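A quick write-up on the structure given underneath.
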Amino acid sequence: MTSESLQQKAVKIEPIPVINPVINPNDEMLNRIGHVTRTLHDSLRGLGLEKILEQVATDIPDARDRLAYVARMTEQAAERVLNATDAAIPLQTELASEALCLEQRWKEVLAKPSLKTEYNQTAEQTLAFLTLTGKNTAETKALLMDIMMAQDFQDLTGQVIKKITGLAQDLEKQLVQVLIDFSPATAGKKEPDTHAVLMNGPQIDPNAADVVASQEQVDDLLDSLGF
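Below you can see the structure in the form of C-alpha cells.
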C-alpha cells in the first residue's frame, strides 16, 4: 500500500471534534435570581416575617380606610359648623338692629311725655321686639347646640388616629428590624437596642415612655446599612 493511500485513510478516520454548548449569560442570571428568591423566602418564613408581611398587607388597606373615615367625619363636621354659623349670624344681626331702633324710639318718647300716640306705638314695638328676641334666642341656642354636637367627631377620629399611629409605629419597627437582620453591614455586630433606636416620628409628647433621644437615630441606622 502506497503512502498516499495511507494518508487518505488517515484523513477519513479523524475523530469528529466535540462542540461545547454555549452557556447563555441570561440563563445563568435568572438561575441566580431564582436561588436568591428562594433563599429570601425560606429565611422570611423561618423567622416568622412572612406572617408579619401578610399582616402588613392587611393592615395598610385598613389604615387607608380609617384615614378616609377621618377625612369624611372632619368634612361633615366642618359643614355643620359653617351652616349653623351662617344661620346664626343673621339672627343676631336682626336682634342688634331691632334693639338699636327700639332704643332710639324710647329716647324720643321719653323726651316728649305728652305724645301718647308715639308712646303706645313704642310700647307695641317693644313687645314685638321681646317676642322676636325669644324666637331668635331659641333658634340661636339650637344652632349653637348643633355646633357643639358637630365636635363629637373628635372622639371618634381621635381613636382612629391613635390606632393608625400605633400601626405606623409597629410597621417601622418591623421594617427596620428586617434591615438589621438581613444587612451584611450588621454581621458580627452587637444587635442595637430596638427600644432606643427603632422609634421615630415627631416628638409630640416629649415625656412619653417611647420617645427616643434623637429623631435622627433611625435615619442614621438606615445610612449605616447603605439604604
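If you're matching positions, the sequence shown starts at 530 in my numbering and goes up one per residue.
Note that beta-carbon positions come from the ideal geometry of N, C-alpha and C, so glycine has one too.
These numbers come from a predicted model, not from an experiment.
*Contact set for residue 637: own chain, Cβ-Cβ below 6 angstroms, skip 5 residues either direction*: No residues qualify anywhere along the chain.
*Pick helix, strand or coil for residue 664, following the three-state DSSP scheme.*
Here residue 664 sits in helix by DSSP.
*Measure how close the beta-carbons of residue 675 and residue 609 come, nearest whole angstrom, since I'm counting them as under 8 angstroms.*
Right, the Cβ-Cβ distance comes to about 6 angstroms (below 8 angstroms), so this counts as a contact.
*Could you say which of 670, 658 and 692 lies nearest to residue 595 if we only look at CA atoms?*
Ranking 670, 658 and 692 by Cα distance to residue 595 puts 692 first.
*asked:* Taking a contact to mean a Cβ-Cβ separation below 8 angstroms, would you say residue 665 touches residue 624 in this structure?
replied: One thing to note: residue 665 has its Cβ within 8 angstroms of the Cβ of residue 624.
_Close beta carbons around residue 635, own chain, < 8 angstroms, minus the five adjacent residues each side_ = These residues qualify, in order along the chain: 651 and 655.
*Can you say whether residue 640 is buried or exposed, counting buried as having 16 or more other CB atoms within 10 angstroms of its CB?*
Label assigned to residue 640: exposed.
*Within this structure, are the beta carbons of residue 658 and residue 628 separated by less than 8 angstroms?*
For residue 658 and residue 628, yes; Cβs fall inside 8 angstroms.
*Any idea what DSSP makes of residue 724, helix, strand or coil?*
Annotation note: pLDDT 43 at residue 724 (below 50); position unreliable, no value reported.
*DSSP on residue 629, reduced to helix/strand/coil?*
DSSP places residue 629 in helix when its eight states are reduced to three.
*Using only alpha-carbon positions, find the residue among 694, 558 and 621 that is nearest to residue 668.*
Comparing Cα-Cα distances from residue 668 to each of 694, 558 and 621, the minimum goes to 621.
*Candidates 644, 662, 592 and 593: closest to residue 619 by CA position*: The alpha carbon of residue 619 has as its nearest neighbour, out of 644, 662, 592 and 593, the alpha carbon of 662.
*Tell me which same chain residues have a C-beta within less than 6 angstroms of the C-beta of residue 647, skipping the five on either side of it?*
If we look at residue 647 and ignore the five residues flanking it on each side, its Cβ neighbours are 638.
*Have a look at residue 600 and residue 564 and give me their C-alpha separation to the nearest angstrom.*
About 45 angstroms.
*For residue 611, count neighbouring C-beta atoms within 10 Å of its own C-beta (all shown protein chains included) and say buried if the count is 16 or more, exposed if not.*
With fewer than 16 other beta carbons inside 10 angstroms of its own, residue 611 counts as exposed.
_Buried versus exposed, by CB contacts within 10 Å (16 or more), residue 672_ = By the Cβ-count criterion, residue 672 is buried, with 16 or more other Cβ atoms from all chains shown falling within 10 Å of its own Cβ.
*Indicate whether residue 606 and residue 679 have their beta-carbon atoms separated by less than 8 angstroms.*
With respect to the 8 angstroms criterion, residue 606 and residue 679 are classified as neighbours on the basis of their beta carbons.
*Look up residue 685 in the DSSP assignment and say whether it is helix, strand or coil.*
In this structure, DSSP gives residue 685 a helical state, which the three-state scheme calls helix.
*Thinking C-alpha only, which one of 591, 632, 556 and 614 is nearest residue 694?*
Among 591, 632, 556 and 614, the Cα nearest to that of residue 694 is on 591.
_For residue 690, tell me which candidate among 626, 677, 557 and 598 has the shortest Cα-Cα distance._
If we check each option's Cα against that of residue 690, 598 comes out closest.
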